[in-house]
Amino acid sequence: MNILGTGLSGLVGSRVVELLSPMHSFEDLSLDTGVDITKKDVVVPRIEKSNAQWLLHFAAKTDVDGAEREREQGVQGSSWVVNVQATEYIVEACRRSNKRLLYISTDYVFDGTKEFYTEEDTPNPQGWYAVTKHEGEKRAAQLGDKSLIIRIANPYRAHFAAKPDFVAKIRKKLEQGESLTSPSDQLFVPTFIDDIATAIENLVTGQATGVYHVVGSDALSPYDAARKIARAYGLDESLVSATAFSTYFAGKAPRPLHATFDEGLAEIKKQ
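Residues 1 to 271 (UniProt numbering) are what the sequence shown spells out, left to right.
Here you go:
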């Protein structure tokens, strides 16, 4: 299958391409290939002329605190332009050319007041990054049964120098003998990117539609995660200390206290 994609050189997208290239051919929509997805007169014609059945939309501005600093800029800020406006253009092009769209979203669309969230729960984004991703979801959903929205959380992979994931960042600090402090009262769900790729393969080839949560099976605190990473690499666990969620993120963009999903990945693997 021929597949169009944005963000195919990023942390998640590049690994998806690596794993699925034996089964599919990918066409990258990026500045490297002359496509600025924030320019309607550039991205729409490029999508329309492609014979691809699917477009996988990974590209996003994901700097949570950076996005929050743009809140007052509203629709003029780069987070809105990339996460919402560009998605509007992509949706329009997919509608015109009868393509299916996979939109990658985030656990941050929820406020974190519940312990676990399912696909049926109503989003309530708090931070500006989360708001823009939820607005992107709403645009993608306008394609109806040609829309597939996948919410992922805390993706990690074996190695990706261009954009270290949370595992790589923690490992580097500990290897350098630096102490680190992490919340012990927050819950999050790390997700192995290879599993995300498997889910995407199953959902895309199955012509799936709607909203899916694609996450790992274990929820834990960032503090516990950091200690597990230390043990896994034979590093000093004593360098990791605990703090409260409210203390750690004081003065930063709002984040969900419980960024946890019921595991949808296991059900997808059964398909």
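All C-beta atoms, glycine included, are put in the ideal place defined by N, C-alpha and C.
Bear in mind that the values here come from a model prediction, so they are computed numbers and not experimental data.
Roughly how many angstroms lie between the CA atoms of residue i and residue j, to the nearest whole one?
i    : j    : result
S147 : A141 : 6 Å
V91  : V16  : 21 Å
F26  : L174 : 37 Å
D185 : V240 : 15 Å
G5   : L56  : 5 Å
E137 : T118 : 16 Å
V167 : A161 : 12 Å
E18  : A225 : 27 Å
N202 : A153 : 19 Å
W80  : K252 : 19 Å
T33  : E115 : 42 Å
P254 : V215 : 21 Å
Can you tell me where the alpha helix (DSSP H) with residue i in it begins and where it stops?
i    : result
I229 : P222 to A232
G66  : V64 to E68
S14  : L11 to L20
N202 : I193 to T205
Under the three-state reduction of DSSP, which class applies to residue i: helix, strand or coil?
i    : result
A266 : For A266, the predicted structure reports a pLDDT of 47, less than 50, and the residue's modelled location is therefore unreliable. A value from the coordinates is still provided. Residue state, collapsed to three classes: helix.
E119 : coil
I37  : coil
S241 : strand
V215 : coil
T132 : helix
R139 : helix
P155 : strand
L8   : coil
G74  : helix
Between residue i and the rest of its own chain, which residues show a CB-CB distance below 7 Å, the 5 nearest in sequence each way excluded?
i    : result
P183 : S221, P222, Y223, T243, A244, F245 and Y248
R231 : E237
V42  : V35 and D36
How would you write the range of the beta strand (DSSP E) that residue i sits in, first residue to last?
i    : result
F245 : Careful: F245 lies outside any beta strand (DSSP E), inside the alpha helix (DSSP H) at F245 to Y248.
E175 : No beta strand (DSSP E) holds E175; the alpha helix (DSSP H) holding it covers F166 to E175.
Can you find a C-beta in chain E that's less than 9 Å from the C-beta of residue i?
i    : result
D218 : In the structure shown, chain E cannot be found, because there is only a single protein chain.
Might you give, ordered along the chain, the residues of its own chain that have their beta carbon closer than 6 Å to the beta carbon of residue i, omitting 5 neighbours on each side?
i    : result
S179 : L239
A93  : V44, I47 and E48
A266 : Any reading at A266 must be qualified, since the residue scores a pLDDT of 47, below 50, and its modelled position is unreliable; no value is offered.
Kindly list the residues whose CB is nearer than 8 Å to the CB of residue i, restricted to its own chain and excluding five residues on each side of it in sequence; keep chain order.
i    : result
E72  : none
K169 : none
Task: 3 or more residues per run - each beta strand (DSSP E) lying fully within the segment 76–129 - done: 100–106
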